[in-house]
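Visitor:
2 protein chains.
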Amino acid sequence: MNTIDALPKAELRQQFNKTGLRFTPQREAVWRLFESDPAGFTIAQVTAVLAPQKIGQATVYRTIRALQDLGYLKWVHDRSGEHRFVASRPGHSHMLVCRLCSKAVECSDCDLSVLEKLIASQTGFAVEGHHLEFFGLCPECS
Amino acid sequence: MNTIDALPKAELRQQFNKTGLRFTPQREAVWRLFESDPAGFTIAQVTAVLAPQKIGQATVYRTIRALQDLGYLKWVHDRSGEHRFVASRPGHSHMLVCRLCSKAVECSDCDLSVLEKLIASQTGFAVEGHHLEFFGLCPECS
DNA sequence: ATCATTATTGATAAATGTTGTCAACTATGA
DNA sequence: TCATAGTTGACAACATTTATCAATAATGAT
Numbered sequence: 004m005n006t007i008d009a010l011p012k013a014e015l016r017q018q019f020n021k022t023g024l025r026f027t028p029q030r031e032a033v034w035r036l037f038e039s040d041p042a043g044f045t046i047a048q049v050t051a052v053l054a055p056q057k058i059g060q061a062t063v064y065r066t067i068r069a070l071q072d073l074g075y076l077k078w079v080h081d082r083s084g085e086h087r088f089v090a091s092r093p094g095h096s097h098m099l100v101c102r103l104c105s106k107a108v109e110c111s112d113c114d115l116s117v118l119e120k121l122i123a124s125q126t127g128f129a130v131e132g133h134h135l136e137f138f139g140l141c142p143e144c145s
Numbered sequence: 004m005n006t007i008d009a010l011p012k013a014e015l016r017q018q019f020n021k022t023g024l025r026f027t028p029q030r031e032a033v034w035r036l037f038e039s040d041p042a043g044f045t046i047a048q049v050t051a052v053l054a055p056q057k058i059g060q061a062t063v064y065r066t067i068r069a070l071q072d073l074g075y076l077k078w079v080h081d082r083s084g085e086h087r088f089v090a091s092r093p094g095h096s097h098m099l100v101c102r103l104c105s106k107a108v109e110c111s112d113c114d115l116s117v118l119e120k121l122i123a124s125q126t127g128f129a130v131e132g133h134h135l136e137f138f139g140l141c142p143e144c145s
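Listed in order, the protein sequences are those of chains A and B.
Counting with the working numbering, you get residues 4 to 145 for the letters of the first sequence.
Counting with the working numbering, you get residues 4 to 145 for the letters of the second sequence.
#1: Taking any Cβ of chain A, which residues in the region 114-128 of chain B have a Cβ under 9 Å from it, in chain order?
#2: Hey, A/E136 and A/M98: beta-carbon distance below 7 Å or not?
#3: Return the CA-CA distance between B/L118 and A/I122, expressed in angstroms with no decimal places.
#4: Which residue from A/D114, A/T50 and A/Y75 puts its Cα closest to that of A/E14?
#5: In chain order, what are the residue ranges of uninterrupted beta strand (DSSP E) at least 3 long that sit wholly in the region 102-133 of chain A?
#6: When DSSP labels each residue in this structure, what does B/S145 get in the three-state scheme?
#7: Could you check whether the Cβ of B/S145 sits closer than 7 Å to any Cβ belonging to chain A?
#8: Below 9 Å between beta carbons is the criterion; list the residues of the region 82-115 of chain A that meet it against any residue of chain B, in chain order.
#9: So which residues of chain B does A/V130 contact, with C-beta pairs closer than 9 Å?
#10: So what does DSSP say about B/F19, is it helix, strand or coil?
#11: At which residue ranges does the region 56-81 of chain B contain complete alpha helix (DSSP H) runs of 4 or more residues, listed in the order of the chain?
#12: Report the rounded CA-to-CA distance for A/V33 versus A/K57, giving the unit in angstroms.
#13: Along the chain, where does the alpha helix (DSSP H) that runs through A/A42 open and close?
#14: Tell me where the beta strand (DSSP E) around A/R87 begins and ends.
#15: Per the contact definition of three or more C-beta pairs closer than 8 Å, is the region 9-26 of chain A in contact with the region 48-66 of chain A?
#16: Count the other C-beta atoms from every protein chain shown that fall within 10 angstroms of the C-beta of A/P41, then say buried if there are 16 or more, exposed otherwise.
#17: Just the C-alpha distance for B/L10 and B/R92, rounded to the nearest angstrom, thanks.
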């Protein structure tokens with residue numbers, strides 16, 4: 004229920020090529036890493052894990068940004084306030100982050116439109132979008 | 004309606020002293036800066052603005068962290084994804100950030116409990132808290 | 001008001017984190 | 001198979017954040 008389904012290699016290649024980017028072994032390795040753990044990783048962790056495979060840190064930075072732009076990576080915050088990246092699917096969604104195991108799951112169908120209307124009427128603010136992270140305990144850690 | 008009321012000097016001093024911290028001219032200068040602009044500042048901006056007053060960057064870092072711990076500073080994200088700090092009042096609240104003027108206003112009475120219950124029933128996730136930022140257009144920029 | 005205590009300051013260095021450069025390499029579409 | 005053009009990794013350059021420490025100054029007690 005939590006881990007997202009593995010992304011077919013062909014689909015990932017297609018996503019890269021669509022925007023003129025190339026599908027390289029290094030980029031696939033980075034993506035596979037994120038796919039392997041729903042808790043996600045910080046940039047430092049990714050470079051550390053992939054260093055033995057001789058993947059340079061510049062490549063890690065570039066790949067993470069590319070995956071972000073494609074919508075396959077979203078960020079959440081540690082309790083320490085640090086960025087952590089998590090595999091996801093393109094499109095808007097919210098993240099539920101477990102306080103204990105750090106696992107992050109997407110919550111895409113949670114509607115905030117009611118709240119946005121309330122805000123509009125109370126403050127005159129025309130809400131166009133939002134970033135929302137929940138933290139708490141996942142079913143396994145409860 | 005947007006800018007928060009100026010914080011009395013005595014109250015700020017009290018807040019610092021309460022936790023064993025001291026109320027110094029440097030710390031007051033940092034706070035006054037944040038109080039002066041509801042759009043907030045990045046750390047780099049604060050150090051740049053206060054450099055002529057001979058306030059070291061280490062002091063800026065320390066003071067911002069202290070103000071954060073006291074609850075008087077909250078962070079929001081730029082469109083570029085960067086941290087920006089904004090003056091606020093202690094306690095939980097959400098931030099409304101204007102896309103044009105970057106002004107940030109607090110929205111403390113927006114209830115997410117309904118949404119949290121919905122999430123709990125749908126995912127089994129026990130929500131304990133959240134971080135929520137809205138972006139859009141403030142009344143003046145609409 | 002004075003004083004001793006002890007947190008704070010600024011300068012500097014050290015440590016991290018991020019981006020730029022470029023020749024060699026390789027994925028891609030023709 | 002081939003030419004094109006994006007990609008790689010090593011390294012340098014740059015930016016950001018933290019640690020150190022002697023001198024200074026805010027605080028509570030007197």
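We put the beta carbon where it would ideally sit given N, CA and C, even for glycine.
Guide: The short version:
#1: D114, L115, V117, L118, E119, L121, I122, A123, Q125, T126, G127 and F128
#2: yes
#3: 15 Å
#4: A/Y75
#5: 107-110
#6: coil
#7: yes
#8: G84, H86, H97, L99, C101, R102, V108, C110, D112, C113, D114 and L115
#9: L99, F137, F138, G139 and L140
#10: helix
#11: 60-73
#12: 12 Å
#13: A/A42 -> no alpha helix (DSSP H), and no H or E assigned at all.
#14: H86 to A90
#15: no
#16: buried
#17: 9 Å
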